[in-house]
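Visitor: Chains as they are written, first to last, in the working numbering: chain A, 30 to 285; chain B, 30 to 285; chain C, 30 to 285; chain D, 30 to 285; chain E, 30 to 285; chain F, 30 to 285; chain G, 30 to 285; chain H, 30 to 285.
Here a beta-carbon is modelled for each residue, glycine too, at the ideal position from N, C-alpha and C.
All figures in this text were calculated on a predicted structure; none of them were measured in a lab.
Protein chains: 8
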Amino acid sequence: MDEQNLRTLLHTLQEGQIDISEVVECLRRLPTESLTSACLDHHRILRTGMPEAVLAEHKTTNQLIEILTAQLRQPNVVLATRVAKDKARAVCKAVDKLRYHESARMLTGNEQAIPEPSNTTAILLVTAGTSDLPVAEEARITLYCLGRKVTTIYDAGVAGIHRILEHQKILQQAPVIIVVAGMEGALPSVIAGITPAPVIGVPTSIGYGTGAGGFSALLGMLNSCAPGLAVVNIDNGFGAACMAAAITRNLSPTTR
Amino acid sequence: MDEQNLRTLLHTLQEGQIDISEVVECLRRLPTESLTSACLDHHRILRTGMPEAVLAEHKTTNQLIEILTAQLRQPNVVLATRVAKDKARAVCKAVDKLRYHESARMLTGNEQAIPEPSNTTAILLVTAGTSDLPVAEEARITLYCLGRKVTTIYDAGVAGIHRILEHQKILQQAPVIIVVAGMEGALPSVIAGITPAPVIGVPTSIGYGTGAGGFSALLGMLNSCAPGLAVVNIDNGFGAACMAAAITRNLSPTTR
Amino acid sequence: MDEQNLRTLLHTLQEGQIDISEVVECLRRLPTESLTSACLDHHRILRTGMPEAVLAEHKTTNQLIEILTAQLRQPNVVLATRVAKDKARAVCKAVDKLRYHESARMLTGNEQAIPEPSNTTAILLVTAGTSDLPVAEEARITLYCLGRKVTTIYDAGVAGIHRILEHQKILQQAPVIIVVAGMEGALPSVIAGITPAPVIGVPTSIGYGTGAGGFSALLGMLNSCAPGLAVVNIDNGFGAACMAAAITRNLSPTTR
Amino acid sequence: MDEQNLRTLLHTLQEGQIDISEVVECLRRLPTESLTSACLDHHRILRTGMPEAVLAEHKTTNQLIEILTAQLRQPNVVLATRVAKDKARAVCKAVDKLRYHESARMLTGNEQAIPEPSNTTAILLVTAGTSDLPVAEEARITLYCLGRKVTTIYDAGVAGIHRILEHQKILQQAPVIIVVAGMEGALPSVIAGITPAPVIGVPTSIGYGTGAGGFSALLGMLNSCAPGLAVVNIDNGFGAACMAAAITRNLSPTTR
Amino acid sequence: MDEQNLRTLLHTLQEGQIDISEVVECLRRLPTESLTSACLDHHRILRTGMPEAVLAEHKTTNQLIEILTAQLRQPNVVLATRVAKDKARAVCKAVDKLRYHESARMLTGNEQAIPEPSNTTAILLVTAGTSDLPVAEEARITLYCLGRKVTTIYDAGVAGIHRILEHQKILQQAPVIIVVAGMEGALPSVIAGITPAPVIGVPTSIGYGTGAGGFSALLGMLNSCAPGLAVVNIDNGFGAACMAAAITRNLSPTTR
Amino acid sequence: MDEQNLRTLLHTLQEGQIDISEVVECLRRLPTESLTSACLDHHRILRTGMPEAVLAEHKTTNQLIEILTAQLRQPNVVLATRVAKDKARAVCKAVDKLRYHESARMLTGNEQAIPEPSNTTAILLVTAGTSDLPVAEEARITLYCLGRKVTTIYDAGVAGIHRILEHQKILQQAPVIIVVAGMEGALPSVIAGITPAPVIGVPTSIGYGTGAGGFSALLGMLNSCAPGLAVVNIDNGFGAACMAAAITRNLSPTTR
Amino acid sequence: MDEQNLRTLLHTLQEGQIDISEVVECLRRLPTESLTSACLDHHRILRTGMPEAVLAEHKTTNQLIEILTAQLRQPNVVLATRVAKDKARAVCKAVDKLRYHESARMLTGNEQAIPEPSNTTAILLVTAGTSDLPVAEEARITLYCLGRKVTTIYDAGVAGIHRILEHQKILQQAPVIIVVAGMEGALPSVIAGITPAPVIGVPTSIGYGTGAGGFSALLGMLNSCAPGLAVVNIDNGFGAACMAAAITRNLSPTTR
Amino acid sequence: MDEQNLRTLLHTLQEGQIDISEVVECLRRLPTESLTSACLDHHRILRTGMPEAVLAEHKTTNQLIEILTAQLRQPNVVLATRVAKDKARAVCKAVDKLRYHESARMLTGNEQAIPEPSNTTAILLVTAGTSDLPVAEEARITLYCLGRKVTTIYDAGVAGIHRILEHQKILQQAPVIIVVAGMEGALPSVIAGITPAPVIGVPTSIGYGTGAGGFSALLGMLNSCAPGLAVVNIDNGFGAACMAAAITRNLSPTTR
């Protein structure tokens, strides 16, 4: 139900064709769909430009099957994050038309609904180390589902600073840069210091000792002395991709 | 020293007009200026689109005077953040042409160098409560210095959710929204759930008990269930403004 | 042993029918029952209106069998919380007349002792997401055991704020509202801002990164800018239900 | 603007006497009043039964003067919390008709609007120590402003457990008990174990070493082994009073 | 090697019967025994009155076998703590004469070396709940190995405060009281408020949510408002027993 | 009111000379005295062997004057801890017969009631550094008020380990040792490794960076690998003294 | 590519034999090698004197195989840390010429490339307890791979301080001392107080309760009152070895 | 008292010229000097190569006067750290021959005892920002007192990475590098990645929000992905200097 439908509805009220209670009921039911354990928010894509994604980590297999089946009936791309391999296998057995991306730990469906990427410059996705890959892949698959082009530079951490400095040109041209880093989380600071693009830092839980869990990387990014950098939750590749998609939604009005 | 100068320099080397040592010296000196206690980074605006700002909080009055005097000689806008009232008074006495913004706790100078704001839609700046004002003002003055237009909605926290819901139209149209909130920091989540714009959350240290210091607000924003939201450090209005400026730098290529 | 018994006992002392030592012994033994590893507090229902519940998480199967068997001999409803599936199966094998509620992870017994729910308005139980279900179910089963009526609204988090706003009427009429939420824990704030009912917030450990463990949700609720909200421990659905039961114990004196 | 007004307004729309834009404007302006730095929420008392209170701690004197002056024009009781003595003096100088409660650090006004307390049993307010007094007084004054009766038992901590045990009768009869405690915060647990009333724990920042700031007391209350206890933020006497008021709002329908 | 041996040795040096190097060597080798991965401290019982105990948790089975075998050759009681069941079984298979205490997770040996308990009043060992049993048992077995008498009161937490109050006489007479408690850890405070005996608080990791890990119980005990209470590490039943043994070492000089 | 009085009272009830209500009243009033803001616990010395001490830090001058005046009327020693110099001066002006110990920040009174120290070996009080002095002095004055003898070794931290090793004989003979240390808090571990006496560790807030506040010292003591050591709250010299007094209360029955 | 190669390259540019683009390409490709998921930094040994080591913990078996295979083709020693036993077995099956050090959890290869240790005094490696062995072994194997000599003293913690004091001579002569300790982490402080050598503290995660995870040991070392001590991350034996190797790289210029 | 004196003393014992008690007394008194509140450790310079420094922060002016006066009588350089300006002025008034270094907040004396710096390469001291200056100055003055040469590069943080990259040659040649950084603390990682020298990271408390206090910088350094880096406590410039001095103590045996 988009804005136009809403205006029409209110006009029919104004013209006396329906009464107040009918309008109330109409507005109440349309944008959500109640399942056993969930209340789907089908209008989210209208409000925010992003479809409702499923955070699978704490959900049972049965809950996932029920929710994803309902979402596949809608005309939007379907995506679930943080899906463990075993759970994904069980869900895919029960629900056709889902694809599992193992390194990203994601399930996707309705990929035909993904908008065609425009001709704008690709979003840049950088990781500090090999171990940050799963989080970066979650961002990459999410951007793909949202119809965005992506370029990747993997394993370019500050212990060998020349590995990132040699990519200066790409860093200058990207409309937005996602930087995924664990340990001390210093790479986003360094990159934000040499690019005019907005940088989205994604701290990862890669590390051990005081670095276990990702707080060190998170604090490193929050306290960056380089402006033009904002941060999402630890390991939140999905959130970084959504932020990057929101930033680039208006870049070339003709295509997106 | 911009990219064109650099290419010219290297060609003179190639043509044997200068030797390697001269090139090295040239590159070493130009972009930085060494003061007693600081090493100014005059090229930052070339690399990142933002001039070097001064974090005044831990600097002595003498250090501020030396640094700001040197920066005023450059053709860029000058800005210093987290300047206590007393320190600002002492600095302004010694350095002409600086203006103090009390509620934002900022000093600005060389305002004639601020680029003319383009005709694009204004960046939206929202606060949850009256007490969040100083941080929001820091963001507002920074955006002004970076040549961006700003619209503000102040005191619209979730305890009276209708105060923000009534601004739905502005929320839909803004190119980027900065939301400043202390206490439980829930306002960015609510806003990100009803807008397609990228939202930058700024947690503030407003609160008491477990909320003192702003960690509660920060965690609330990092763990938002609404995507399209990224976060800067607690009380970092300056950083949020820089991120918003980076996001909008390409929005209408003709004017900016 | 209720208050009337106690007064009678003291009168027999006053009248010389028994001596001091006998009174002491009498008072010492009655309200508790010593088992191998536990000291049951049979009078808790008299003192507090709630029977003694068993926190099963850290107890061995043998301890649970011994304790629950003893409790089933008393005329009160029996309930155990945080019972893992395997442990529940082993206990049920050894002890008849216990029922396992899998999603709530609870064992209940002596359900015939549950008081008939009065005709008062039902307690409202809300969750922010599907993943919060187990904690909500623990609250729901506990309320059932305490003879309270419950209405549920599941999956109504702030990312789609309209999902809860459409239930305004129920929110206005409920005598008390339990709100179960993980992640940023913002839903109780929003609800407390639109209802005159007391709200009990239950933070859950649902989340990841900085949200793992539930501290973010807990802090969000403790720092709510909306008054009329109090909080229980992370994942403590049982405690929230007891608080709600205590709040409603006097609502209609004729029935409860 | 109460519910009846709203229904009338919608009927005039239905009958064509006004158009949609007028309704929108009407709804937009009524419940809030925009000041320089605040957006007052005059309808909060309609929605939640509690007037909007002012958290004065982080506000400037000028902001307080502007906000309180506007609130005094409304027909509701006015209250501001966490008002330092000096700030209170400056505000009272500028705004007539405000009263300062020094130990509670509160400003109150429009006391003639306070509803007459009903004849129901008083809410019980207990402190563990003398040092917890300011927080308890904040709760007491708030309850007075909300038209509730209060009984107090001050300085009854667990180091001398008999001090609270001797008040068993009052503990049994209170409709709700607020327990204010710092240090180890054990008193609410002990009280919740001997009363059927709902207990609201208020941890205080009284303590030193590991107890400084109140986290120890907060954790003690959250982890209570006695059910029927919920907790508010550290030092939040105001919030505890609002919760207690919400709990007792329906106790005797004839008077409140 | 006790003090008398040492004096003799120095006299032989003084009388020229041995030279300095011999003394040095003698002193170097005697009190320690080097194994592959450990350096046993056989003189600890002489210095501190307690034999060296083995913390088994992070040691491999082979390390435990080597260390315990060497210790069994000495004339002191042997004890190892935090021994998982599987590891204990493997060690007992390889080393004769060790006994495993499952609920205490301890291995003991050379029990014939345990001194006869004197006729003094027994040390009192109290737990708040059934789940605290393993930690209490670790304390009980350790006290047994150190030749101390123990009386136990298990499951007497503050949710039913009468369960501990009825033991006032024992509480008054004990030479020292060990109180083991998880959750909010309030029991040691209550007991220290009604006894002249020194109280040793042992916080346990029993709890969940904010109570998981035992920090809440630890903080509760450290911030007790009742003096005469000191605390050991979370779950450290062994340490509490050693402290209690040290306190009672001189109580009746004729027997110990 | 001691135990003998209580037995007499109950016999008069048994013999019908008084009725139940009189007994109840009698028991209720005697051990406590209600002041404006405090409820004094005069029987604490009977129950625990220690008089009630006043934690002055968070109390107002007026509260201290009222409480200490009431306590001086009782026949016990009076002591208040954590009294800032200015507050002490104001209190001493209003209340005669109080003495201020500046380095210990304590007020004492009724010193004639202090019991004569027995002839037993003195309690040993050790500090790691000069900066730990105020906390050690709080312990020393408290022990003096409780009639205990004290020997002190100040400034003997582990950076120069020989400073403590040279006192081996005193360490061997002390009935109990209080060790006060900030920074890394290692001294109690070292001492507990070379003495059979029970050691009470007092972490202090002396330190900076990660050591500020005393958590490092506290953790160091809690995790000591040397048994026979228990810990009190950071800076709690008073609590350590009370624990030491409780430990030594029975050492020589003829004198104490 | 070492410094000499670089100079030659720049001269060929200067002499017109190659053009700028060629130089850029040359510099870009040489020092790094791009694999599927990694970007190897072959020049690290030239820049820092240490070869690039692989942190295996969060990498998949396939990633390890790809990376280690590529590194074995280079003429430097190969080492991977934190390799779980199962993963090591799978990698060794796929890649020849790797050796697994089980207690150190390391894989090494190309050992023929290890430089011959010089004749300088060995680096001293001390552990506080047997459980600290794996971390110490990680340091020992790393030092071996870097061509350093090592002497070890294992299990010499502060509970038996004489065990370390008896090694005074070695402590005086070592060029650098690595001290590995868990629990309270006091051993580095004690050692730094008696040696002129720089001490590198390695906190370990050995401990339980408040000591679990190693923060207590880390804080103990950071807050040492003995200067001449610096610290690496918890369990970071590899990092300590690298620091020790850097410290000793110039000690006898003829051999290293 | 150095090692030679000790040997002589023991020979006189061996030869019967003195008895055991005399030796004991002699050893006891020499290396320490007892003042009112301190026990000076005059032999520290013999044991560790560094004189005893005074941490002035928590000491009273009188304590400082007593301690520094005693130290000035010894033939070693005297230094006190963390001396507030006011306190320094009061001390200098009472004690001649002390010099105050305001930006380093240090007092020094007996500078004639400072050894002549050798001809070795200077230690390199780098700061990330101007605000880190006081901590760097504390390191610089300490190194001066220990007879070390220092080169400084101030204000070279990662927001402008070229500022440090241009100093590659100095970074390659320094025997040890101290890097002082607040905020995200990334500079030591970057430097350790491009130098073979051991790097000592000094996190500073410069920052705000989540960076306040220096934990973010500390964690950043501890979790560095670049080996060859060890860390000291937050703001511990003194400790870093001592570590650097220990590292360079043997570099050129002829001069130091």
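Whole angstroms are fine: how far does the CA of B:Cys174 sit from the CA of H:Ile206?
Guide: For the purposes of this step, residue 206 of chain H is taken as the residue at position 177 of the eighth sequence. For the purposes of this step, residue 174 of chain B is taken as the residue at position 145 of the second sequence. The straight-line gap from Cα to Cα measures roughly 38 Å.
Visitor: For A:Lys198, which of A:Ala165, A:Thr150, A:Leu258, A:Glu81 has the nearest alpha-carbon?
Guide: Taking the first residue of the first sequence as position 1, residue 198 of chain A is located at position 169. Here the closest residue by C-alpha is A:Thr150.
Visitor: Where do the ends of the alpha helix (DSSP H) carrying A:Asp115 lie?
Guide: Here the question's residue 115 of chain A lines up with position 86 in the first sequence. Residues 114-123.
Visitor: Leaving out five residues on either side along the sequence, give the residues of the same chain with a beta carbon under 6 Å from the beta carbon of H:Ala123.
Guide: By one-based count along the eighth sequence, residue 123 of chain H stands at place 94. Only Ile94 meet the Cβ criterion.
Visitor: Of all the options G:Arg169, G:Thr77, G:Glu44, G:Asn265, which has the alpha carbon lying nearest to the alpha carbon of G:Glu86?
Guide: Your numbering for residue 86 of chain G matches position 57 in the seventh sequence. The candidate whose alpha carbon is nearest that of G:Glu86 is G:Asn265.
Visitor: Taking 8 Å as the CB-CB limit, is A:Gln46 close to chain D?
Guide: Residue 46 of chain A sits at position 17 when you count from the first residue of the first sequence. Judged by the 8 Å Cβ criterion, A:Gln46 is not in contact with chain D.
Visitor: What is the rounded straight-line gap between the Cα of D:Leu216 and the Cα of C:Gly186?
Guide: Within the fourth sequence, the letter at position 187 stands for residue 216 of chain D. Within the third sequence, the letter at position 157 stands for residue 186 of chain C. The alpha-carbon atoms of D:Leu216 and C:Gly186 are separated by roughly 35 Å.
Visitor: Okay, do the region 249-263 of chain F and the region 253-267 of chain G touch, 3+ Cβ pairs below 8 Å being the bar?
Guide: Touching, no.
Visitor: What do you reckon, are the CB atoms on F:Val155 and F:Ile223 nearer than 8 Å?
Guide: Working through the sixth sequence from its first residue, we reach residue 155 of chain F at position 126. Working through the sixth sequence from its first residue, we reach residue 223 of chain F at position 194. No, Cβ-Cβ distance for F:Val155 and F:Ile223 is not below 8 Å.
Visitor: Around the Cβ of G:Lys114, are there at least 16 other Cβ atoms within 10 angstroms (buried) or fewer (exposed)?
Guide: Position 85 of the seventh sequence, counted from the start, is the residue given in the question as residue 114 of chain G. Exposed.
Visitor: Whole angstroms is fine: what's the gap from F:Gly158's alpha carbon to A:Ser245's?
Guide: The count along the sixth sequence starts at 1 and reaches residue 158 of chain F at position 129. The count along the first sequence starts at 1 and reaches residue 245 of chain A at position 216. Their Cα atoms are separated by approximately 33 Å.
Visitor: Which residues bound the alpha helix (DSSP H) around B:Cys254?
Guide: Locating residue 254 of chain B in the second sequence gives position 225, where the first residue counts as 1. No alpha helix (DSSP H) contains B:Cys254, which DSSP labels as neither H nor E.
Visitor: Just to confirm, is the Cβ distance from D:Gly176 to D:Ile229 under 8 Å?
Guide: Locating residue 176 of chain D in the fourth sequence gives position 147, counting from the first residue. Locating residue 229 of chain D in the fourth sequence gives position 200, counting from the first residue. Taking 8 Å as the Cβ cut-off, D:Gly176 and D:Ile229 do not qualify as a contacting pair.
Visitor: DSSP state of H:Glu62, grouped into three classes?
Guide: Sequence index remark: in the eighth sequence, residue 62 of chain H carries index 33 (1-based). It is a strand residue.
Visitor: Could you check which residue in B:Asn279, B:Ser234, B:Gln103 has the C-alpha nearest to that of B:Ile74?
Guide: Position 45 of the second sequence, counting from 1, holds the residue named residue 74 of chain B. Measuring from the Cα of B:Ile74, the nearest candidate turns out to be B:Gln103.
Visitor: DSSP three-state call for E:Gly186: helix, strand or coil?
Guide: Within the fifth sequence, residue 186 of chain E is the residue found at index 157, counting from 1. Looking at E:Gly186 - three-state DSSP - the assignment turns out to be coil, as it is neither helix nor strand.
Visitor: Just grab the DSSP bridge partners of G:Leu94 for me.
Guide: As a first step, residue 94 of chain G must be located in the seventh sequence, where it is residue number 65. A quick correction: the sequence has Ile, not Leu, at residue 94 of chain G. Answer is none; G:Ile94 lacks a bridge partner.
Visitor: Less than 8 Å between the beta carbons of D:Gly249 and D:Ser234, yes or no?
Guide: In the fourth sequence, the residue the question calls residue 249 of chain D occupies position 220. In the fourth sequence, the residue the question calls residue 234 of chain D occupies position 205. Contact flag unset, no.
Visitor: Can you check the region 113-181 of chain C for any beta strand (DSSP E) of at least 3 residues that lies completely inside it and give the ranges in chain order?
Guide: List check, beta strand (DSSP E) in window: 127-130, 135-138, 152-156.
Visitor: Candidates F:Tyr237, F:Ser253, F:Gly243, F:Gly236: which alpha carbon is nearest G:Ala241's?
Guide: Mapped onto the seventh sequence, residue 241 of chain G falls at position 212. Among F:Tyr237, F:Ser253, F:Gly243, F:Gly236, the Cα nearest to that of G:Ala241 belongs to F:Ser253.
Visitor: Are C:Glu307 and C:His71 closer than 8 Å when you measure CB to CB?
Guide: Limits of chain C in this structure are 30 at one end and 285 at the other, which puts residue 307 of chain C out of reach.
Visitor: Please tell me whether, using a cut-off of 7 Å, the distance from the CB of A:Tyr129 to the nearest non-hydrogen atom of the ligand FMN is below it.
Guide: This structure simply doesn't include the ligand FMN, nor any ligand for that matter.
Visitor: With respect to the beta strand (DSSP E) encompassing E:Thr110, which residues constitute its N-terminal and C-terminal limits?
Guide: Residue mapping note: residue 110 of chain E aligns to position 81 of the fifth sequence, counting from 1. 107-110 is the span of the beta strand (DSSP E), which, as asked, contains E:Thr110.
Visitor: Just to confirm, are C:Met79 and C:Ala273 a CB contact at a threshold of 8 Å?
Guide: Translated into positions along the third sequence, residue 79 of chain C becomes position 50. Translated into positions along the third sequence, residue 273 of chain C becomes position 244. Their beta carbons are not under 8 Å apart, which means C:Met79 does not touch C:Ala273 by this criterion.
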